[in-house]
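S.K.: This is the structure I have questions about; it appears just below.
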Amino acid sequence: LSTVLGGGSLLLFVAFLIAGPFTIIRFDASEGQVLVWNGFLSLLFFIQHSGMMRATFRNWLASAIPRHYYPATYSIASGIVLTMMVLLWQTSQTVLFRIQGPLQVLPRAISLLAIAGFIWGALALRTFDTFGRIPIVVHLRGKQLRPPDFVLRGPYLWVRHPLYFCMLVLIWSTPNMASDRLLLIVLWTFWIVLGSYLEEKDAVAEFGERYRDYQKTVPMLLPWRGPAGRALRCP
1 LSTVLGGGSL LLFVAFLIAG PFTIIRFDAS EGQVLVWNGF LSLLFFIQHS GMMRATFRNW
61 LASAIPRHYY PATYSIASGI VLTMMVLLWQ TSQTVLFRIQ GPLQVLPRAI SLLAIAGFIW
121 GALALRTFDT FGRIPIVVHL RGKQLRPPDF VLRGPYLWVR HPLYFCMLVL IWSTPNMASD
181 RLLLIVLWTF WIVLGSYLEE KDAVAEFGER YRDYQKTVPM LLPWRGPAGR ALRCP
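When we follow my numbering, the leftmost residue of the sequence shown carries the number 1, and every step to the right adds one.
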């Protein structure tokens, strides 16, 4: 269920970003109401996604479900809310600009590069488990879950949050800019940057001084230094 809902919602969101909204229910609303509604949908996802990651919420939920089910529960909840946001998103009639002709290929190519970068970042983790399957499998086998590794390879040599960077590139690369897409860009960029800072606090608490050295050497979201993380690798 986690794989279907979590993975399906991610594919749906990527298609939404590249192909544009495919709203299943269209409201008879003004331009302002459309933007307020879309902002509400985004905020709902932000609250769910970031709120369920906080330690206080995880500790509270542990009293209701076993901890090895928590990552999958998180994936299911995220999948439901993200799918709802994509399917209920309302399009705006105000077009700010539209790239026409052969130049349309450029933002599409950038989108494909962002998807390839996202896959590269996931593969670099080796134990990428966004759907929470590993804790369940480990529990069913009667084993103990190993603590997460500190990854210092692939795109993580270039930027501390390569998956977020690729998502930002994907959000920004569009040939058609309407006011609802601009709203999405502004809100989601702010949320991704804020979420990166919040995750940094958790990473410092988990990995300590090693992660602080990583922060000083490798940029957080924009890989402007090149593979600077090589300097942190053990000889």
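Positions of the beta carbon are idealized from the N, C-alpha and C atoms, including for glycine.
Buried or exposed: where does W60 fall if 16 or more other Cβ atoms within 10 Å of its Cβ makes it buried?
M.R.: Classification of W60: exposed, given that the 10 Å Cβ count is below 16.
S.K.: Measure the beta-carbon distance from V151 to L125 and round it to whole angstroms, keeping in mind my assumption that it falls under 8 Å.
M.R.: With 8 Å as the limit, V151 and L125 qualify as a contact, their Cβ atoms being about 6 Å apart.
S.K.: Let's see if you can read the secondary structure: which residues bound the alpha helix (DSSP H) around V14?
M.R.: Element bounds for V14: S2 to A19.
S.K.: Going by DSSP, what residue range makes up the beta strand (DSSP E) through F97?
M.R.: Residues V95 to R98.
S.K.: Where do the ends of the beta strand (DSSP E) carrying A178 lie?
M.R.: Element bounds for A178: N176 to A178.
S.K.: Could you give the distance in angstroms between the alpha-carbon of V14 and the alpha-carbon of W158?
M.R.: V14 and W158: Cα-Cα distance of roughly 24 Å.
S.K.: Cα-Cα, which of T3, A29, D202 and S196 is closest to W89?
M.R.: Nearest of T3, A29, D202 and S196 to W89, Cα basis: A29.
S.K.: Give me, in chain order, the residues of the same chain whose beta-carbon lies closer than 6 Å to that of F97; leave out the 5 immediate sequence neighbours on both sides.
M.R.: Excluding sequence neighbours, F97 sits near M177.
S.K.: Give a yes or no on whether the C-beta atoms belonging to R181 and S42 are separated by under 9 Å.
M.R.: The answer is no: Cβ separation not under 9 Å.
S.K.: Might you give, ordered along the chain, the residues of its own chain that have their beta carbon closer than 8 Å to the beta carbon of W224, omitting 5 neighbours on each side?
M.R.: Around W224: no qualifying Cβ.
S.K.: Return yes when the Cβ of I134 is within less than 9 Å of the Cβ of L145, no when it is not.
M.R.: A contact, by the Cβ cut-off of 9 Å.
S.K.: With contact counted as at least three CB pairs below 8 Å, one residue from each stretch, are the stretch 69 to 80 and the stretch 1 to 17 in contact?
M.R.: Judged by Cβ distances under 8 Å, the stretch 69 to 80 makes contact with the stretch 1 to 17, as three or more pairs qualify.
S.K.: Return helix, strand or coil for K24, following the three-state DSSP convention.
M.R.: Reading off the sequence shown, one finds Ile at residue 24, where the question assumed Lys. Coil at I24, not helix or strand.
S.K.: Cα separation between A62 and Y70?
M.R.: Answer to the nearest angstrom: the Cα atoms are 8 Å apart.
S.K.: Could you tell me if I119 is buried or exposed, where buried requires 16 or more neighbouring beta carbons within 10 angstroms of its beta carbon?
M.R.: Exposed, since its Cβ has fewer than 16 Cβ neighbours within 10 Å.
S.K.: Using a Cβ-Cβ cutoff of less than 8 Å, which residues in the same chain neighbour W191 once the five nearest sequence positions on both sides are dropped?
M.R.: Answer for W191: S42, F46 and S50, listed in chain order.
S.K.: Nearest CA to the CA of H161: which residue from L221, S9, H68 and M84?
M.R.: When only C-alpha atoms are compared, the closest one is L221.
S.K.: In this structure, does DSSP put L222 in helix, strand or coil?
M.R.: Correct three-state label for L222: coil.
S.K.: Quick check on the DSSP output: the alpha helix (DSSP H) that includes M167 runs from which residue to which?
M.R.: M167 -> alpha helix (DSSP H) spans P162 to W172.
S.K.: Count the other CB atoms within 10 Å of the CB of P235; is the residue buried (16 or more) or exposed (fewer)?
M.R.: Only weak support is given to the placement of P235: the predicted model assigns it a pLDDT of 49, under 50, and the value that follows is read from those uncertain coordinates. So P235 counts as exposed.
S.K.: Report the rounded CA-to-CA distance for T189 versus S173, giving the unit in angstroms.
M.R.: For T189 and S173, the distance between alpha carbons rounds to 13 Å.
S.K.: Using C-beta distances below 6 Å, list every residue in its chain close to Y74, excluding the 5 sequence neighbours before and after it, in chain order.
M.R.: M52.
S.K.: Cβ atoms of I171 and L12: under 9 Å apart, would you say?
M.R.: No, these two residues do not count as a Cβ contact at 9 Å.
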